[in-house]
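To keep things clear, I will list the structure first and then write my remarks on it.
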Amino acid sequence: MHEDHLTIDQCDEIANALREDAARLPSGSDQQQLLQLAERYRALAELKRMVLRLVN
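According to our numbering, the sequence shown is numbered sequentially starting from 320.
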């Protein structure tokens with residue numbers, strides 16, 4: 320999936336799903352990687368919101 324084609328809602332959904340998946344894992348590097356990826360999708364959603372506000 321290309322991030323430039325994701326909607327804000329899709330970015331939020333992916334971030335939430337990644338956090339849920341991370342919560343099911345034992346503490347460790349795999350869990351941290353999922354949490355970092357979730358944070359990146361959350362940040363992408365925020366950037367897309369900012370752009371949307373600027374163009375409207």
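Note that CB positions come from ideal geometry on N, CA and C, so glycine has one too.
Same chain, Cβ closer than 6 Å to residue i, five either side skipped, listed in chain order
i, result
"Q329", "none"
"Y360", "C330, I333, A334"
Proximity of residue i and residue j at Cβ, strictly below 7 Å
i, j, result
"A341", "Q355", "no"
"I333", "K367", "no"
"A364", "D331", "yes"
"L353", "L337", "yes"
Buried versus exposed, by CB contacts within 10 Å (16 or more), residue i
i, result
"A371", "Note that residue 371 is Leu in the sequence shown, not Ala. It is exposed - the Cβ of L371 has fewer than 16 other Cβ atoms within 10 Å."
Proximity winner among the options, relative to residue i (alpha-carbon distances)
i, options, result
"N335", "L373, N375, S346, A362", "A362"
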